[in-house]
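Residue numbers (the working numbering): 347 to 534. Below is one structure, written out as structure tokens; comments come after it.
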Amino acid sequence: YTRPEEVEEFVARTGVDSLAIAIGTSHGAFKYKPGQKPQLRFDILEEVSRRLPNFPIVLHGASSVTPEYVAEINANRIKTATEFSKKHGVITLLKGKNTVISLKSGEYFINESGTPAMATGGSGDMLCGIIAAFIGEGFTPIDATRAGAFIHGLAGNLSEKEFSARATTPTTMIKMLSEIYKEIELGW
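Structure (structure tokens):
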């Protein structure tokens, strides 16, 4: 778990413009072992947010979330995202079909770009990277999240068209980014 008391010093020392914090999600090399019971620690998120108000925080890694809880979230995607944003004072991106982006005010946006072919390992890492890059370029966290979700989905759409649904991976989606950025810079 992230130690909230170390976060301010870490940000000051490194100059990072966003954080990925551990609150009990299980991902990559840190997957839970059989018999371990995951515990999501939202108190850590709240404390980090208190110490660094309005600082972009990325929560990623959901392999510790039970299938029942995933089904419950997906049955009420907008409500789940908006309630979480309001309660914790954060921007929430709930990826999937019609990605939901909600703000701490309760306002929300639906991103319709993307394809089921993107449901593959590493896709969320790519999305986090795109959003973090936009924040690093000076986008507001809201604009970075909205643009990141759209471009990520568009990369998935183009990858599926170019390579097929079965062959769509983060690697093939990344190959589409230069084409997307070129179109944006030169005009659609």
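Backbone N, C-alpha and C fix where the C-beta goes; we use that ideal spot for every residue, glycine too.
Item                                                                                                                                                            : Value
Please return the same chain residues whose Cβ sits closer than 7 Å to the Cβ of leucine 523, not counting the five positions on each side in sequence.         : Ala501
In its own chain, which residues sit with a C-beta less than 6 Å from the C-beta of threonine 426, not counting the 5 before and 5 after it?                    : Ile419
Whole angstroms is fine: what's the gap from lysine 507's alpha carbon to threonine 461's?                                                                      : 10 Å
Hey, quick one: how far does the alpha helix (DSSP H) through leucine 504 stretch, first residue to last?                                                       : 487-509
Is tyrosine 454 helix, strand or coil by DSSP?                                                                                                                  : strand
Ordered along the chain, which non-local residues of its own chain (more than five positions away) have a Cβ less than 8 Å from that of phenylalanine 430?      : Val436, Thr438, Ser448
Does the beta carbon of alanine 501 sit closer than 9 Å to a beta carbon anywhere in chain C?                                                                   : This model lacks chain C altogether, as it is built from one protein chain only.
Hey, would you say methionine 472 sits closer than 9 Å to threonine 514, going by beta carbons?                                                                 : no
Could you check where the beta strand (DSSP E) with isoleucine 419 kicks off and where it finishes?                                                             : Segment 413-421 is the alpha helix (DSSP H) holding isoleucine 419; no beta strand (DSSP E) there.
Among the residues of its own chain, which have a CB less than 7 Å from the CB of lysine 441, if the five just before and after it don't count?                 : Gly470, Leu473
Is the distance from the Cβ of serine 364 to the Cβ of isoleucine 403 below 9 Å?                                                                                : yes
Using 10 angstroms around the beta-carbon of isoleucine 456, count the other beta-carbons present and answer buried if the total reaches 16, otherwise exposed. : exposed
Please name the residue, chosen from Glu414, Ser510, Ser505, Thr348, that lies closest to glutamate 392 on a Cα-to-Cα basis.                                    : Thr348
Measuring CA to CA, which of Leu398, Val362, Val416 is closest to proline 350?                                                                                  : Leu398
Where do the N-terminal and C-terminal ends of the beta strand (DSSP E) with threonine 438 fall, by residue?                                                    : 438-440
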